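For the record, in the sequence shown the residue sitting at position 40 is 40 according to full-length UniProt numbering, with numbers rising by one throughout. Worksheet for the structure shown next.
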Amino acid sequence: MILERQNVLNLKKLRSQLGGLENRPAINELAKLIKMSQLYQSGQREISTKLENLDAEFQVNYDYNPIHHMESRMKDMQSLLQKAERKGYDLTAESIQKNIYDIAGIRVITNYLDDIYSVEKMLTHQTDVTLLRRKDYIKHPKASGYRSLHLIVKVPVFQSTGPVDVPVEIQIRTVGMDMWASLEHKLRYKTDANQALVDKYGDKLHDYSDELEKIERGMQEIHKDLI
Numbered sequence: 001m002i003l004e005r006q007n008v009l010n011l012k013k014l015r016s017q018l019g020g021l022e023n024r025p026a027i028n029e030l031a032k033l034i035k036m037s038q039l040y041q042s043g044q045r046e047i048s049t050k051l052e053n054l055d056a057e058f059q060v061n062y063d064y065n066p067i068h069h070m071e072s073r074m075k076d077m078q079s080l081l082q083k084a085e086r087k088g089y090d091l092t093a094e095s096i097q098k099n100i101y102d103i104a105g106i107r108v109i110t111n112y113l114d115d116i117y118s119v120e121k122m123l124t125h126q127t128d129v130t131l132l133r134r135k136d137y138i139k140h141p142k143a144s145g146y147r148s149l150h151l152i153v154k155v156p157v158f159q160s161t162g163p164v165d166v167p168v169e170i171q172i173r174t175v176g177m178d179m180w181a182s183l184e185h186k187l188r189y190k191t192d193a194n195q196a197l198v199d200k201y202g203d204k205l206h207d208y209s210d211e212l213e214k215i216e217r218g219m220q221e222i223h224k225d226l227i
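In structure tokens, the structure reads:
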């Protein structure tokens, strides 16, 4: 039973409201983009469900949940088209699907460092999940100090016309890494602070990233000794 439905655009209503405009190329392309958005939301739900099931199984088998929480996000149409334009891609559903892999995303927040790779292994070992790309910013942090494991996987979504493979971006990181990343993002993109202040706090955050990594490894060892 579906208790809550998402308010998605309906093609039949859209064409009715637009009347004679429906045959124009731009309107037809908009219809394709709406279909694409629905498809990618479905892919996102498929991966979210798999992760929830794996976490529940882990709880049953080991009395422990590796996943602290998850956050899902979909690129809105405006930011998606802006990214395509910035990258020099055609502003079509076909071009966007071919070139942009982070339309649908899931952020998985774990309790400990080892949980990151446990979640990755459990998910990517499923027969219907295919790993497309992998970037390990934990073993190889960005210059800023950013740490996270980035995966792009594809999963089949079963539509009325048959299965369609959909890519989904997954970012896996600890609670500490997520707190750090949120603050660093705010510093870089969500503040009006002058550049000198940004540089000052950027250096501090870089140092804190190294300290946080040591602390999390220490806490990991304590956790292992207690289970």
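Heads up, the beta-carbon is just placed ideally off N, CA and C, and yes, glycines get one too. Computed from a predicted model, the values in this text were never measured in an experiment.
_Spatial neighbours of T191 in its chain, beta-carbon cut-off 8 Å, leaving aside the 5 residues before and after_ = V198
*May I ask you to verify whether the stretch 212 to 219 touches the stretch 169 to 177, counting CB pairs closer than 8 Å and requiring at least 3?*
yes
*Where does G88 land, buried or exposed, given buried means 16+ other C-beta within 10 angstroms?*
By the 10 Å Cβ count, G88 comes out exposed.
_Suppose you measure from the CA of I138 to the CA of Y117; what does that come to, to the nearest Å?_
11 Å
*Contact belief for I106 with S182 at Cβ below 8 Å, rounded distance in angstroms*: That pair is no contact at about 16 Å.
*Along the chain, where does the beta strand (DSSP E) that runs through H150 open and close?*
L149 to Q159
*My guess is that L205 and E184 are in contact by the Cβ rule of under 8 Å, so how many angstroms apart are they, rounded?*
With 8 Å as the limit, L205 and E184 qualify as a contact, their Cβ atoms being about 5 Å apart.
_For T127, count the other beta carbons within 10 Å of its own beta carbon; 16 or more makes it buried, fewer makes it exposed. Which is it?_
Burial check for T127: the Cβ neighbour count within 10 Å stays below 16, so the residue is exposed.
*asked:* Classify N61: buried if its beta carbon has 16 or more other beta carbons within 10 angstroms, exposed otherwise.
replied: Exposure of N61 is indicated by the presence of fewer than 16 other C-beta atoms within 10 angstroms of its C-beta.
*Under three-state DSSP, which class holds residue 229?*
Outside the modelled stretch of the chain, which goes from 1 to 227, sits residue 229, for which no answer is possible.
*Compute the minimum distance between the beta carbon of V153 and the heavy atoms of the ligand FMN, and state whether it is under 6 Å.*
The ligand content of the structure shown is nil, which means the ligand FMN is not present either.
_With three or more beta-carbon pairs closer than 8 Å as the criterion, would you say the stretch 35 to 47 touches the stretch 141 to 158?_
yes
_A143 in three-state terms, based on DSSP_ = coil
*Spell out the partners DSSP gives T92 in its beta bridges.*
Partner(s): none; T92 has no beta bridge.
*From the DSSP output, in three-state form, read off D136 for me.*
strand
_Beta-bridge partners of I106, as assigned by DSSP_ = For I106, which the question treats as bridged, DSSP gives the partners S72 and I170.
*asked:* Taking a contact to mean a Cβ-Cβ separation below 7 Å, would you say M70 touches A104 in this structure?
replied: no
*In whole angstroms, what is the alpha-carbon distance linking T130 and L51?*
15 Å
_Whether L123 touches R134 by CB criterion (7 Å)_ = no
*Based on Cα-Cα distance, which residue from Q195, E120 and M77 lies nearest to residue 235?*
The structure shown does not extend to residue 235, since the chain is modelled only from 1 through 227, so no value can be given for it.
*Per-residue DSSP class, three states only, for D165*: strand
*Have a look at Q97 and L39 and give me their C-alpha separation to the nearest angstrom.*
11 Å
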